[in-house]
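Contents: one structure, followed by commentary.
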Amino acid sequence: MKTVLLMVAFMVFVAVAGSARADVTMAYFYADDCAVCDELQPFMEELENLSYVTIESYKISSDPYRPNENDSLLADISYAYHSVDNVPMVFLANQWFYFGVEGQMELTKEKLLATVDELKEYEVESPIKDGKLQYPKPVSVLLVYNTSKHERVADAVSALEENISFVRIATLDIRYPENRSVFAHLPQSKTPMAFIGEQNYSLDNLSYLVESAAKYEKIGIDFPAAYEEKPICILFFYKSTCSSCLSVKAKLETLAGKYPLEITEYDIIESKNNDLLLAYYDSYNITRSHNTNIFIGDRYFYSESQLHEVEKIIKAHLGTGLECPEAGEANAEKLLEGYTLLTVILGGLLDGINPCAFATLVFFIAYLERARKEAIIPIGLSFSAGIYICYLMIGIGLLEFMNVVRQTVSLYLYFGVGVMALILGVFSIVDFFSIRRGRAAVLQLPLFLKKRRGRIIRHITEDKKITVLALIALAVGFAISALEFACTGQVLIPVITVIQGATSLRAVAVLYLVIYTALFILPLLILLALFHVGYSSTRIGEMQKRSYGYAKLFIGIFLLSLGIIMLLYFFGFISLHYAFG
Numbered sequence: 001m002k003t004v005l006l007m008v009a010f011m012v013f014v015a016v017a018g019s020a021r022a023d024v025t026m027a028y029f030y031a032d033d034c035a036v037c038d039e040l041q042p043f044m045e046e047l048e049n050l051s052y053v054t055i056e057s058y059k060i061s062s063d064p065y066r067p068n069e070n071d072s073l074l075a076d077i078s079y080a081y082h083s084v085d086n087v088p089m090v091f092l093a094n095q096w097f098y099f100g101v102e103g104q105m106e107l108t109k110e111k112l113l114a115t116v117d118e119l120k121e122y123e124v125e126s127p128i129k130d131g132k133l134q135y136p137k138p139v140s141v142l143l144v145y146n147t148s149k150h151e152r153v154a155d156a157v158s159a160l161e162e163n164i165s166f167v168r169i170a171t172l173d174i175r176y177p178e179n180r181s182v183f184a185h186l187p188q189s190k191t192p193m194a195f196i197g198e199q200n201y202s203l204d205n206l207s208y209l210v211e212s213a214a215k216y217e218k219i220g221i222d223f224p225a226a227y228e229e230k231p232i233c234i235l236f237f238y239k240s241t242c243s244s245c246l247s248v249k250a251k252l253e254t255l256a257g258k259y260p261l262e263i264t265e266y267d268i269i270e271s272k273n274n275d276l277l278l279a280y281y282d283s284y285n286i287t288r289s290h291n292t293n294i295f296i297g298d299r300y301f302y303s304e305s306q307l308h309e310v311e312k313i314i315k316a317h318l319g320t321g322l323e324c325p326e327a328g329e330a331n332a333e334k335l336l337e338g339y340t341l342l343t344v345i346l347g348g349l350l351d352g353i354n355p356c357a358f359a360t361l362v363f364f365i366a367y368l369e370r371a372r373k374e375a376i377i378p379i380g381l382s383f384s385a386g387i388y389i390c391y392l393m394i395g396i397g398l399l400e401f402m403n404v405v406r407q408t409v410s411l412y413l414y415f416g417v418g419v420m421a422l423i424l425g426v427f428s429i430v431d432f433f434s435i436r437r438g439r440a441a442v443l444q445l446p447l448f449l450k451k452r453r454g455r456i457i458r459h460i461t462e463d464k465k466i467t468v469l470a471l472i473a474l475a476v477g478f479a480i481s482a483l484e485f486a487c488t489g490q491v492l493i494p495v496i497t498v499i500q501g502a503t504s505l506r507a508v509a510v511l512y513l514v515i516y517t518a519l520f521i522l523p524l525l526i527l528l529a530l531f532h533v534g535y536s537s538t539r540i541g542e543m544q545k546r547s548y549g550y551a552k553l554f555i556g557i558f559l560l561s562l563g564i565i566m567l568l569y570f571f572g573f574i575s576l577h578y579a580f581g
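Numbered per the working numbering, the sequence shown spans residues 1 to 581.
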């Protein structure tokens, strides 16, 4: 019987509405495998037959693991309307109609028909245009008062917020000269007063004010033309590879459609944006990093669940606006603090005791035993300087290369280097156990490079003057450092990736490399000093053999740690700033 009555009502509705001239456009979301959608389809087709009704249909995916663009659109519009996120769903002006509640379909149809009938005299545009939300539109109410006369508008604000679903309230205190100039262009009346559109209302009768505002609740209304909203600045730092970050980004864009927001976005995959985020962390005393970061006024938020708090702050500043928060300077001294410097120090020392580098100096010293004692220090220092210069140049070259590559492969650089560090770390630890069992290490300088290294050293240690030997040693140190990079680079490359992720300041990055390389040659200088005070090359070689396995172990642990941290960063669990800097 109820269905028959609804059909009769619909026919009467069509007949009465036939003369309507305005267009009423709605958005309809449905799915192919939705039984309720199939049941609703005849009603939607009849509704669309009305000359002034336009229905824009959006089919969502039936597979939750393969969503289409309409799925995210439904999520965004549901968030904006504070509605359920399901189908079948109709959005019309500021209203939403969900037909999936059991036993409520006919009642929901009646409500939709009544709303269409109510809105038929208006030009109601689509809730969605070019993928952007046009609705919901708030009922914009301007409250004008004068605190110098002890006038207050708090009761009016509460009454409007409690009774109007989509309301945007701006307050204008004409105590201040800049607000009096706006007031001068509004229809004059005594304060306090409210403006809804161009119409003004006294605050003496709040019930009438709420009733008047409710007339626009379904379609919304703008502020009076003389009033220009003050923008509210939001700084949004996010990671573009993070799905939850993109969800927050979409919801902020939805809020920007409702409020006068100026949102500045920073993708923290870029080093310069990471550095800026670090500066804001310092200013706001944030001690833990997040992939999603929202700065508004003096407040900080990091979670999608906190967006309702963000909206409260926006509403509280609609009349006054909010300027962009400022951050302190992220100077080089601050960037050098923390774990980046510790990583550089540990990496340099461990790379310096790398058996590849150690064996070269011991081999070199063995040939120097034939030279005069006074020649050992200048030749050894020249040799070490050659290694230092070459290694530093290699480091700077790799840093520049990674800066270029990062612009194209971005985050995947950390994945590749992280996996490489894990593999090398595992092999280094395997080498530790192999050495303890008397077996050969897997990670070592290839035999042909070892032979070439030996030939070079034998050639330059022939009987020559000290000055000549020192110059040759400088060149040979440079050449051997390049040859050994095939072995020593297993530590340098991950450390350079850390440096590059920790700062975009080139001077700071080079300073890290200067420190790293100095620590890399420190063990060589210590061995040189031991030889100078009387230790033989045989004794130094025995020391090197005893420490060989443990050097592999420590390097393996270091590489595994770096690899794990880089992969955690790649998968979005941590920020490199708080892992390394």
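Here a beta-carbon is modelled for each residue, glycine too, at the ideal position from N, C-alpha and C.
Given the structure is predicted, the values throughout are model-derived calculations rather than measurements.
Burial state of residue 278 (16 or more Cβ within 10 Å): buried
What is the DSSP secondary structure of residue 202, reduced to helix, strand or coil? strand
Using the C-alpha atoms, what's the distance from residue 305 back to residue 94? 24 Å
Could you tell me how far apart the beta carbons of residue 183 and residue 144 are, in whole angstroms, since I believe they sit closer than 8 Å? 6 Å
What separation, rounded to the nearest whole angstrom, lies between the Cα atoms of residue 262 and residue 229? 12 Å
Assign residue 484 to one of two classes, buried (16 or more other C-beta atoms within 10 Å of its C-beta) or exposed (fewer than that). buried
Report the rounded CA-to-CA distance for residue 516 versus residue 507, giving the unit in angstroms. 14 Å
Buried/exposed call for residue 397, threshold 16 Cβ in 10 Å: exposed
Run through DSSP, which three-state label would residue 327 get? coil
What residues in its chain sit with their C-beta under 6 Å from that of residue 68, if we drop five residues either side in the sequence? 61
Using a Cβ-Cβ cut-off of 6 Å (strictly less than) and excluding sequence neighbours within five positions of residue 344, which residues of its own chain qualify? 512, 515, 516
Bounding residues of the beta strand (DSSP E) (the contiguous stretch that carries residue 173): 167-173
If you count every other CB in all the chains shown that lies within 10 Å of the CB of residue 382, and 16 or more means buried, which is it? buried
Pull the bridge partners of residue 301 from the DSSP assignment, please. 294
Quick check: residue 555 and residue 428, are their CB atoms within less than 8 Å of each other? yes
Quick check: the Cα distance between residue 215 and residue 155, rounded to an integer number of angstroms? 20 Å
Are the segment 223-242 and the segment 186-198 touching, with three or more C-beta to C-beta distances below 8 Å? yes
Could you give the distance in angstroms between the alpha-carbon of residue 564 and the alpha-carbon of residue 284? 29 Å
Does the distance from the C-beta atom of residue 346 to that of residue 558 stay below 8 Å? yes
Could you round the C-beta distance between residue 349 and residue 74 to whole angstroms and report it? I think they count as a contact, below 8 Å. About 56 Å; that fails the 8 Å criterion.
Taking residue 206 and residue 193 to be in contact with their CB atoms under 8 Å, please state how far apart those CB atoms are, rounded to whole angstroms. Going by Cβ atoms, the distance from residue 206 to residue 193 rounds to 12 Å, so no, they are not a contact pair.
Does residue 21 come out as helix, strand or coil in the three-state DSSP assignment? At residue 21 the pLDDT is 49, less than 50, meaning the model places this residue with poor confidence and gives no usable figure here.
According to the neighbour-count rule (16 or more other Cβ atoms, all chains shown, within 10 Å of its Cβ), is residue 107 buried or exposed? exposed
Rounded C-beta distance between residue 217 and residue 164? I'm assuming under 8 Å. 6 Å
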